[in-house]
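A.B. asks:
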Amino acid sequence: MSPLSQSEQTAGVLQVTRYCPSCLWCSGSPTNFTMVPKREALEVTKFAIEVGFRHIDCAYAYKNEEYVGQAIRSKIADGTVKREDIFYTSKPGEQILPTDEDGKLMLDSVDLCHTWEALEKCKDAGLTKSIGVSNFNHKQLEKILNKPGLKYKPVCNQVECHPYLNQSKLLEFCKSHDIVLVAYGALGAQRVNPNHPNLLEDPVLCAIAKKHKQTPALVALRYQIQRGVVVLAKSFNKKRIKENIQVFDFELTPEDMKAIDGMNGNMRYYEFL
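Take the sequence shown: its letter number 126 is residue 126 in full-length UniProt numbering, and every next letter is one higher.
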């Protein structure tokens, strides 16, 4: 397989593979994507690949795909990885949420099935290996799954998911249909919603982290992996990037998992509407 082509960098199709690595490095954020460093993405993407990340989450709206693509090409060229080792996720659209000239959110009725048919055409055209969705609830997923003439079902559903919002029912539904649940905001996002508690300071998480001699962040990531959730680990800090990949160095006990399950309060940090 050849290095990232121009179409792969700009097609803007959410793509993931059926056997994607369970821990991703994320190059941007669902909000404030215009503030994401661009050229910095080149160096930190290289570093993330060097320390072991193979699944990279990006989006056209993050405005750094050019640099992420350059980094991937560079690590292929120097022999660190092969193209087939890298799982690259992108998302369509210049804006996460479209706004008018006054900055007001533009709302309209959209037929999800028509949008899905367009994504199926992208797959047929060879622009992506697999297609998926983001922020879908089970009813929206059912609408796609029950669509007459469905050619490809969603391979993944990327949603906010962390111990305060563990999405257990949605996870169960996705597993029953062989859809991978991908978690963003896995470490909480207090900077997005300062009125919400800091997940990484939660006493339950901190106690489990102390027991395993790990950080609360690693415990939160490990929790998702043991549930069968593919987890996003967003950071531009090299120390934290290197730390996050150590999530495979320990295992939580059933008691730990049950305790973290008990933290769920269906609390969202990201409020798009």
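No residue lacks a Cβ here, since even glycine has one placed at the ideal position from N, Cα and C.
1. In angstroms, rounded to a whole number, what distance separates the CA positions of Q214 and K75?
2. Inspect the CB distances between the segment 175 to 192 and the segment 144 to 154 and report whether three or more fall short of 8 Å.
3. Is it right to say P98 is buried, meaning 16 or more other beta carbons lie within 10 angstroms of its own, or is it exposed?
4. My understanding is that H138 touches L171, with C-beta atoms under 8 Å, so please give their C-beta distance in whole angstroms.
5. Please return the same chain residues whose Cβ sits closer than 7 Å to the Cβ of T34, not counting the five positions on each side in sequence.
6. Under the assumption that R39 contacts Y60 (Cβ atoms under 8 Å), give the Cβ distance between them as a whole number of angstroms.
7. Closer than 7 Å by C-beta to G228: which residues in its own chain qualify, once you throw out the five before and the five after it? Chain order, please.
8. Just grab the DSSP bridge partners of Y184 for me.
9. If we ignore side chains and look at the alpha-carbon of each, how far apart do H212 and E120 end up?
10. For the beta strand (DSSP E) that contains K82, what are its first and last residues?
11. Is it true that the CB of P163 sits closer than 9 Å to the CB of A85?
12. Label R191 either buried or exposed according to how many other C-beta atoms from any shown protein chain fall within 10 Å of its C-beta, with 16 as the threshold for buried.
13. Let me make sure I understand the geometry here. Which of F136, T253 and L105 has the alpha-carbon closest to that of W116?
14. Any idea which residues DSSP pairs S134 with across the strands?
15. Going by DSSP, name the residue or residues bridged to L105.
16. Alpha carbon to alpha carbon, how far is D124 from S109? Give it in angstroms, no decimals.
17. Do you know how far the Cα of C206 is from the Cα of L42?
C.D. replies: The relevant details are as follows:
1. So the alpha carbons of these two residues sit roughly 30 Å apart.
2. Contact check between the segment 175 to 192 and the segment 144 to 154: three or more CB pairs, one atom from each, fall below 8 Å, which counts as touching.
3. By the Cβ neighbour-count rule, P98 is exposed, with fewer than 16 other Cβ atoms within 10 Å of its own.
4. About 10 Å separates the two Cβ atoms, so there is no contact after all.
5. Caution is warranted here: a pLDDT of 37 is assigned to T34, below 50, making its placement in the model unreliable, and the coordinate value is therefore given only provisionally. For T34, where only same-chain residues beyond five positions count, the Cβ hits under 7 Å are K63.
6. Incorrect: roughly 17 Å between the Cβ atoms, too far for contact.
7. Closer than 7 Å at the Cβ level, and outside the excluded window around G228, lie K175.
8. According to DSSP, Y184 bridges with E160.
9. Cα-Cα distance, rounded: 45 Å.
10. For K82, there is no enclosing beta strand (DSSP E), as DSSP gives it neither H nor E.
11. The residue you asked about is not Ala; residue 85 is Asp in the sequence shown. No, Cβ-Cβ distance for D85 and P163 is not below 9 Å.
12. Classification of R191: exposed, given that the 10 Å Cβ count is below 16.
13. With distances taken between CA atoms, W116 lies nearest to F136 out of F136, T253 and L105.
14. Paired residue(s): Q158.
15. In the DSSP output, where bridge partners are listed per residue, L105 has T99.
16. S109 and D124: Cα-Cα distance of roughly 26 Å.
17. Answer to the nearest angstrom: the Cα atoms are 33 Å apart.
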